[in-house]
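Student: Position one of the sequence shown corresponds to residue 237 (the working numbering), numbered consecutively onward. Even for Gly, the Cβ is constructed at its ideal location relative to N, Cα and C. Small disclaimer: the values here were computed from a predicted structure and weren't measured. So that we are looking at the same thing, I have put the structure below in structure tokens.
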Amino acid sequence: MDIFDSKNEIELYQSIIAESAKASNEIRCAKADIEKANSRLKFLVMLANKLIERKGDHNGPIKDSD
């Protein structure tokens with residue numbers, strides 16, 4: 237690869253460290269995004285349950301359609 241020919245050993249180690257830090261930050265950001273998405277899903281489930289309860293309150297108990 238060209239990078240091995242154009243950089244000395246110290247520069248390659250510095251590149252490894254920099255890329256490792258970038259990857260670590262990307263993982264941290266991805267975890268935060270997963271938590272946000274999970275919170276949204278929990279909210280939607282709660283909202284759907286509240287709407288079902290509200291419908292039952294206005295129209296009597298909701299019955300399963302077996």
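(1) Using the C-alpha atoms, what's the distance from Ser251 back to Cys265?
(2) For Lys243, name the three-state secondary structure that DSSP assigns.
(3) Between Ala259 and Arg276, what straight-line distance do the alpha-carbon atoms span, to the nearest angstrom?
(4) Counting only the same chain and skipping the five closest in sequence on each side, list residues whose C-beta sits under 8 Å from that of Ile239.
Tutor: Once the coordinates are examined:
(1) As the crow flies, the alpha-carbon of Cys265 is around 21 Å from that of Ser251.
(2) Note: Lys243 maps to coil in three-state DSSP.
(3) Using only the alpha carbons, I get a separation of about 26 Å.
(4) The answer, listed in chain order, is Leu248, Ser251.
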